[in-house]
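The structure under discussion appears below in the form of structure tokens.
Protein chains in written order, with the UniProt record's numbering: chain U, 1 to 657; chain W, 1 to 657.
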């Protein structure tokens, strides 16, 4: 490091120690605080001064798992190293920098030369979106279409990869433009036929094609802001959740949540969004917290569109790796996005230039009381007695909403008193539609890759695959993955009046290949359990948690050799299990934008590592094939899907008595 | 009819006209009122006087669909015939009697000579349960086990059919006994080894076998009534739903519910339980109610246990057909079974001797506000604007709980403003466990057909299959069933940089065999839609409702040739479609107890009738294979599963703007 950098770092350090009052962080997995983010980006910027540094990602480089676990089990909670991982572009190169906050120094700085690029920044997307508006060929395209330029809004999209050999400097987006003029629902008014390619590092339009003119769908009927009251709707009386004594959970200043028997940590990350860490549940009999999940987060959201037309074929998004599931998180509205009894957490992100920004109310936490029943029984069999005991269900929800352009993803973790963690993703927001010449189905004779959901409006077919990284630590760190197959057996020797029955045939996965599961015909007849093979219940059952798929454990429909599917290879199986490896976080690879699929979960898993009685990570992918319907226009009713993690002989008995 | 019967009927009629003040019923599908039930059973009893008549079922013989529909569409709502269907045993024969309430006469009276018997009555079950307690061999068995007779409680179970050729008079149950002595949770304390067969018509013990002595599991830890507060649990603050201006729905005195755009009728039936009829939704643009479902109800609940041991092999219950899903419905507790804002409906059933009984608060209706989001979007793409619009989800739930012995089934219909009907079944209550010599898994070397969930307690493997009868009338009565297959296609001629895509290949079922679907590998890549082929949206899409399976569309694991599976043949496919036929209501046959499987949905469907553009009925079966866990002991946390019926191009656009 040149001397003058060292000096400036020195001054910087003093500046910081004097001027900022760092909050004492009390959790080693707590997201970087505002002052830490500033510190990190200053260190990097100073180190490269006077070069221009663009920041694509800054997040906590979490301490080694072993350190965190000993921190957790110690009574005095020793301070752990605070490090940041920074992904930048400097001089058209991708840098992966580790910054140590206690020594205020750069620990490592690697240039990444492989395929793929870092997450897009909000600023470069905005800049790219504005380019066409002053680009004469575009202006003339707009004129030719008799549209008003001031009503045009553009949006850049990741371009994917289709086998091209590109130079590493070719970071680009394709910009698609939309028309307002009477609506705020721009996505329902695409200006089709134009392909604008923008080089991001250079921030220039690299290619411009105006191929054909297609009618822009009309504004009428697209607006979702209006409150046209419909004659038929009875005025709904107000309905509220009230907790006169306030919520029952505690949220400490390090974002650890205590609720009922549960304890867990909530963090915000620019890429993953919400991260749940160190979820554990108090066992009253053992008088201790027992671990369930070390970390759980959205690793990737793969959204391939199915439209093969020139302006659409490339649209195969990786919403976490390309846009940042956390970066796209939005402020939650009290009493609307979350009920009246919710508490909110802020998040902090880094702008392209290194300035930290606050995301107010980006996560909410609330107790959910939906009128459900936790357990009940009415007993009428005892003569002279009527026994009834009912426990209403109250659970705790942690929510983030990520709006990646048109789509709004509602991501919930619901903690139940029974020990279950229910994960739900709700899909709402706006469809990505293609403008079309057609106003009626009868006119359509070609393949249009979508549903005509309004005049001139094709709701494009697409898929959503949500891949969760679930580092389960079931009552300890060494776990195994067990498949309990329910198998039909024939009765032999007429030993019973029956002819058949079923048995549970258990199989413990030895290596990664044993744990790849495509859910399909075996559904319902397969239990998937992460167990701790080193502990048993008193009657000798393996202590575990079961993965219970929700309604839509969808498998890919694209061919294995298709480029988007190579990049999204991790969706091939619904379940994968890998040995814990701190670097294996992002199922689509660390550098997903324009990736070639050489750093995905599917590739890591080829090593077929041992996973029996190891610290293992469960990856679960579910999703929907979305054939749009007219009801999805102009804004989609929420479609929910997800999965559950359910205690399976984890407790000696029902923990909520 | 002998003269003296006619005379007594005449007097009876006068008696009734004078003494009772019949409520003017205003809905042709309204359950029989108390006075009507009295009238019906009196007519039957008088007609057979002095013979003893036992009543197994009395319910509304609903008017022909065409009549109901014209009633609905007429403005003056002409009175429709009120008829009852009565199933009785008279002189050891099963009678199927239709009673007309307006003419106070028996319209038809058929003796049923086929296989199977009517539903068991509560009274005969109670009588059978008491027999062992005064039966000397049983008393000596209890003594031999050093148990106290006064702590013994017995329960009769349907015996199934295993190929035997029985006389039609052999109505029987097998009685299983349990031990209280320190707990109310009798089901956790089975007294194993004894098989007691009771002939019901004779109410005598036909056979008694005491085969072996097995330890009775201990009482300690089985009680769910106690409120042992656990040290770790933070005291939960109270949480309530409040509607200061009251609920937004209207429930008229004929049990028609009006809520938002929805209108539907709720009825109680001794066999089906809750029945939803004539569900329709107001279309503000068309200014009319558009039909969605003519009738929806639980047709059968098949619960085969998997245990082959002598005392267990026969346990393959049909909870609706044998015990009556409605007859087993229980009183719902305000603020526990249903939230604070619920309204309740009573039900009326018939005792064995013809006396009507009231089931108070058997159904509840409430608005559900769970903190969910109906739809939302945050729009940041418009320069200088931040647009956010969020609509919280409020839905309407109609609930009944049926406690069939040990199990409690929570059945919900949730009506959403978006037009979706979500059907959920929650399973809770108590497991059926087998007493066992084992106190630890390591001791077990034989097949035990269950999980050791506590000492001496095997939670027996079993399945639950819920079969719903869904007479959908999508915007009219003539409907078709369409399978939309999402099929992978290869890109040809390098017409796109991609190599594959998917297309929607639609197939309309012509006959019943085209519509039998075993959900499995095709999951997620198959849409199942009931459409009205005679109507289209403005842009030309077929108007429809989609069946969306929930998490567990389970298929049977028993062999096709196994007796329980022959009787439960309707579970072989998750989906069946039949042409509407008033007599085809009960998937397991009208006479399910000891049935031979010759009157099931599977048999009716063999006729392979035409179903295209017909009045059709959709049958959907889902379920769970239950491998019990220690957490299910001593009372099970609710396990929920179900399906959705979702508008699919039914509306021109999202109906909730």
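The beta-carbon is built from N, C-alpha and C at its ideal position, and this holds for glycine as well.
Partner residues on chain U for residue i, Cβ-Cβ distance less than 9 angstroms
i: residue 404 of chain W; result: Per Cβ cutoff of 9 angstroms: no residues; residue 404 of chain W is ~11 angstroms from chain U at best.
Any chain U beta carbon closer than 9 angstroms to residue i
i: residue 40 of chain W; result: no
i: residue 687 of chain W; result: Here chain W has residues from 1 to 657 only, and residue 687 of chain W is not among them.
i: residue 576 of chain W; result: no
i: residue 219 of chain W; result: no
i: residue 645 of chain W; result: no
i: residue 264 of chain W; result: no
Separation of residue j from residue i, as counted between CA atoms
i: residue 296 of chain W; j: residue 277 of chain W; result: 6 angstroms
i: residue 232 of chain U; j: residue 469 of chain U; result: Its pLDDT being 42, under 50, residue 232 of chain U is placed unreliably in this model, and the value from its coordinates should be taken loosely. Each residue's Cα considered, the two are about 46 angstroms apart.
i: residue 459 of chain U; j: residue 221 of chain U; result: 15 angstroms
i: residue 428 of chain U; j: residue 645 of chain W; result: 18 angstroms
i: residue 452 of chain W; j: residue 58 of chain W; result: 42 angstroms
i: residue 648 of chain U; j: residue 287 of chain U; result: 19 angstroms
i: residue 237 of chain U; j: residue 407 of chain W; result: 36 angstroms
i: residue 654 of chain U; j: residue 418 of chain U; result: 7 angstroms
i: residue 291 of chain U; j: residue 280 of chain U; result: 4 angstroms
i: residue 84 of chain W; j: residue 188 of chain W; result: 40 angstroms
i: residue 109 of chain W; j: residue 34 of chain W; result: 23 angstroms
i: residue 530 of chain W; j: residue 444 of chain W; result: 50 angstroms
i: residue 315 of chain U; j: residue 308 of chain U; result: 9 angstroms
i: residue 215 of chain U; j: residue 506 of chain W; result: 28 angstroms
i: residue 173 of chain W; j: residue 324 of chain W; result: 15 angstroms
i: residue 456 of chain U; j: residue 318 of chain U; result: 28 angstroms
i: residue 135 of chain W; j: residue 587 of chain W; result: 38 angstroms
i: residue 126 of chain W; j: residue 155 of chain W; result: 8 angstroms
i: residue 640 of chain W; j: residue 426 of chain W; result: 4 angstroms
i: residue 545 of chain W; j: residue 638 of chain U; result: 16 angstroms
i: residue 497 of chain U; j: residue 595 of chain W; result: 16 angstroms
Under 9 angstroms by beta carbon: chain W residues contacting residue i
i: residue 186 of chain U; result: 379, 381 and 382
i: residue 461 of chain U; result: 486, 501, 502, 503 and 504
i: residue 541 of chain U; result: 441, 451, 452, 453, 629 and 630
i: residue 475 of chain U; result: Those within 9 angstroms of residue 475 of chain U in chain W number zero; the least Cβ separation is about 13 angstroms.
Residue i: contacting residues in chain W (beta-carbon distance under 7 angstroms)
i: residue 338 of chain U; result: 371
i: residue 242 of chain U; result: 240 and 242
i: residue 155 of chain U; result: 381
Residues bridged to residue i [DSSP beta-bridge criterion]
i: residue 177 of chain U; result: U:154
i: residue 410 of chain W; result: W:401 and W:426
i: residue 376 of chain U; result: U:390
i: residue 486 of chain W; result: W:504
i: residue 549 of chain W; result: W:643
Contact with chain W by residue i, beta-carbon distance below 9 angstroms
i: residue 597 of chain U; result: no
i: residue 648 of chain U; result: yes
i: residue 652 of chain U; result: yes
i: residue 392 of chain U; result: yes
i: residue 495 of chain U; result: yes
i: residue 633 of chain U; result: yes
i: residue 555 of chain U; result: yes
i: residue 326 of chain U; result: no
i: residue 251 of chain U; result: no
i: residue 357 of chain U; result: no
Proximity test, residue i beta-carbon vs the ligand ATP heavy atom, cut-off 8 angstroms
i: residue 351 of chain W; result: In the structure shown, the ligand ATP is absent, as is every other ligand, since no ligand is present at all.
Checklist entry - Closer than 9 angstroms, Cβ to any Cβ of chain U: which residues of the segment 504–520 of chain W, in chain order? => result 504, 518, 519 and 520
Item to check | Cβ-based contacts, 7 angstroms cut-off: residues of the segment 294–317 of chain U near chain W | outcome: 306, 308 and 313
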